[in-house]
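Some notes on the structure that comes next.
In the numbering used here, the protein residues as written are 193 to 1242.
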């Protein structure tokens, strides 16, 4: 009876299972069947509930059967096929299904049962079970209507489980866990979810998970910076997602000006087209259209154009290129110029104008618009000149339209333009930016008319005579407003004045003549010693502006002031002035003057050296820049020759042990060469004393940047000693990893770019990197070479930095060289002989570096200190990371010999031996002929090539020929004598006995023939087999020539 009742109970479950399985199988085919199948499955559940007396038991029965039927989806380790994804989506849709009848309680109960089932599956050990559980949970959470009520305890369990899965080792599980939490992250009660996402975002390795996290973050002060940081992500899709979130979730007004400009600067310049297009969409649709009503001026006000001019300029150019902004007919610059009666001026108006001042955004807007039209008109005009027929007419019409629009926008006359700029200049510092923008508009005007040229020239004279602006401090002292170096206190202002002056005075030599006339006039009080420091600075700023834009000193001859007079009467006296600001701008002028000289003069170089050695930091920085520029332009050797005496240099010694130079000693610093003086600053330990200078620069960082430039262009200076390059390179790497340089962000960025390209430029550079390795790591390792020991914490940090430096150098060695483009006919590699394949020099390869490291490890005795053991162990690890190749068999044999000696010396130290053994085992198969021993001369030659001194004694052994010859029945030399010496009776007897020589002759011919065929296959030569046969016959004939002649003599 019991068995019959069990069978009766199992039969309905079996039927229910078959129905559910059939529905699930049918949902795999297409999403179009889901709505119908959802109704069928809901009908089955409702019928089961109506047939049962207790609704809860019926829902439980249905749920258990449904879960059992769905279980294979969790167990099977299958790929994410389309059929399985449809089943997952159907299950989630059914869990979220709400019925219009009174059966919502059944739906809620089933949903809770299903979530409990999925929570259990999400913590399973099986990877696929966790994946499917998290996937279905995420689908349910994202689809579930807001009115559905679920027990808070159950939601807490689901949230806790998903937060745990965010740290799962499987990326796809982490992705669905983040998706599940995205709906709860906006709730203030679930702040721990947001904290978790912000915590794992910078640590996440998978780009898809990072993208999902970014898309899930809500807009808030806590998340905005994290989203913006993702605009620098290495993955394109993550960057695009970041811009999408910024466009859809973050309003423009909630961002600071710095963040707005950062977003545009990164997005518009992004290397990926999809990312830049997403940034353009953000700027166009959200910021310009929605937030600014399509008004570009209002848009620029959100960017602070005075501080972030380049970003605003880029944004406007992109909007112009997309055709999103264009001036209307009723707007132009002319509307800011009124006549006395308040009406807009035109060319017929003669009364004095009344000027309405422009805001910075408006001035920048019109400058970019006019520049765009000016370039378009020029480009179309050039196209019209080169085209023909109808095409030329079209281009000409487009150029004419652009010129007409530009003419309508710009001031009607040059006088109006001058009055407009003057009004803004006289308005004070608050309109300085607008004044500069209007100055640049002058480069688009036409000054060919004599009257217009006179008006513009008079305005240029006023600009050049305009002194530095100043203000008084609390003590009544005058303080210069601006940088105190460039004309007007601003480099951009000086550049704008120079461009306008060049446009007005475009004739050859006219620009230089005009500025020199002003310089001569301004310099009179300076020569008469009646000028104050402001007049000196004004005169020197004009001189620097002239030298900066001058092509040569020859173009300055015959003008108001001769070049020699500029040097001796203006620049050198200014460099010796008592005021430090005057000295700094004079030093800049000296550097510019030296660049225009054919050879640097002695007075100029001596003054720059003096200023570098014994001046305050701001002046020393300027002198350093000038010396480096002179060295790169004329070469360091020419700069040293200018001193007119023999100078000392510590770089000329191969084993450099740099002795400190006292730069405060006037006699000592003049006896050393320029590079030695610069390096003395690099050796100084004080960074902070110089960080108060402009732009947070320091003398040490400036010298380091200068040396990086010299190393990068080292091939242009063949007279520099070879020891200079690895020595300075090692110092720069040490500074890059030093603790003190952390605050020097600009310096570290410069070195980062330098190291990225240096090793890839040439094999010589790799040789310098290899040579710098051992001395650098030895000097950085604590407890080696007299390095002072400190606390355990400090020693640990020093070792970490040394290891980082060693791996960094290894990375530079393994960086491939840049491909050099060669002109000429391409030569097939099959037509090259083996001699044509030139191996890289030994000191440039990783094998050469391995020999240096091995010799360094052998230099330590058997009884090592703790610091020495750690040092040798670190070198062993680097040795194991090298990619050794069998390029040079002698190098391989030498390295194997050195490592064998090293293994013998550390046989008692298991840890070191454990590191050496794998490298030695790796070398054994690389040795093609292990039976051949390396000779002493070969070893010495390799060590000499590497510049390494090591006393390696190799015992002489019998050398085995590389290609063993077959045994012969007669001596090999007898045949050679038969061809060279006169015929003798012994040779006649030898020639008359052919049986012993026959096998040798046949074997020799066979060996030669096979060798010829092998070479022919390797070199892919087109030599025919007939030629090979002829060569063999000729060789065979030559072998028996002596015998035949002997027989004929007989």
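Built from N, CA and C at the ideal position, the CB exists for glycine as well.
Could you tell me the distance, in whole angstroms, from the CA atom of residue 817 to the CA atom of residue 785? 13 Å
Own chain partners of residue 349 with C-beta closer than 6 Å, once the 5 adjacent residues on each side are dropped: 311
Indicate whether the contact test is met: 3 or more Cβ pairs, each with one atom in the region 578–596 and one in the region 509–526, closer than 8 Å. no
Check each candidate in 1137, 1085, 708 and name the one with the smallest Cα separation from residue 1123. 1085
Nonlocal neighbours in the same chain, by C-beta distance under 7 Å from residue 259, ignoring five residues either side: 309
For residue 940 and residue 393, the rounded distance between their alpha carbons: 26 Å
How far does the beta strand (DSSP E) with residue 763 in it extend, from its first residue to its last? Neither: residue 763 is in no beta strand (DSSP E) and is coded neither H nor E.
Under 8 Å, with one C-beta from each stretch per pair, do the region 351–362 and the region 322–337 reach the 3-pair mark? yes
Tell me the residue span of the beta strand (DSSP E) that contains residue 672. 670–672
Count the other CB atoms, across all protein chains shown, that sit within 10 Å of the CB of residue 678; report buried if there are 16 or more and exposed otherwise. buried
Are residue 212 and residue 261 close, meaning C-beta to C-beta below 8 Å? yes
Any idea if residue 1099 is buried or exposed, counting beta-carbon neighbours within 10 angstroms, 16 or more meaning buried? exposed
Complete runs of the alpha helix (DSSP H) confined to the region 1055–1129 [at least 4 residues]: 1058–1073, 1081–1097, 1102–1115
In this structure, how does DSSP classify residue 664 when only helix, strand and coil are distinguished? strand
Would you call residue 624 buried or exposed, if buried means 16 or more other Cβ atoms sit within 10 Å of its Cβ? buried
Classify residue 515 as buried or exposed, calling it buried when 16 or more other Cβ atoms lie within 10 Å of its own Cβ. exposed
Residue 974: buried (16+ other C-beta within 10 angstroms of its C-beta) or exposed? buried
Residue 330, DSSP secondary structure in three states: helix
Check this for me: beta carbons of residue 1097 and residue 1054, under 8 Å apart or not? yes
Residue 1001 by DSSP, collapsed to three states: which one? helix
Excluding sequence positions up to five away, which residues of its chain have a Cβ less than 8 Å from the Cβ of residue 1112? 1088, 1091, 1092, 1095
Can you grab the Cα-Cα spacing for the pair residue 249 / residue 298, in whole Å? 10 Å
DSSP state of residue 374 mapped onto helix, strand, coil: coil
Figure out for me which residue from 300, 356, 317, 315 has the closest Cα to the Cα of residue 332. 300
Three-state secondary structure (DSSP) at residue 210? helix
May I ask which residues mark the beginning and end of the alpha helix (DSSP H) holding residue 415? 413–421
Here's a check: name, in chain order, each residue in its chain whose Cβ is nearer than 6 Å to the Cβ of residue 553, leaving out the five neighbours to either side. 489, 492, 493, 497
Boundaries (first-last residue) of the alpha helix (DSSP H) holding residue 484: From DSSP, residue 484 is part of no alpha helix (DSSP H); its letter is neither H nor E.
Would you check if there are 3 or more beta carbon pairs closer than 8 Å linking the region 706–716 to the region 766–774? no
Outcome for residue 205 when other beta-carbon atoms lying within 10 angstroms are tallied against a minimum of 16: exposed
If you run the structure through DSSP and keep just helix, strand and coil, what is residue 919? helix
Nearer than 7 Å: is that true of the beta carbon of residue 631 relative to any heavy atom of the ligand NAD? Absence of the ligand NAD is noted for the structure shown, with no ligands found whatsoever.
Helix, strand or coil: which one does DSSP assign to residue 929? coil
Between the Cα of residue 609 and the Cα atoms of 667, 650, 584, which residue gives the shortest distance? 650
Taking 8 Å as the cut-off, decide whether the C-beta atoms of residue 342 and residue 366 are in contact. no
Could you spell out where the alpha helix (DSSP H) holding residue 579 opens and where it closes? Careful: residue 579 lies outside any alpha helix (DSSP H) and carries neither H nor E.
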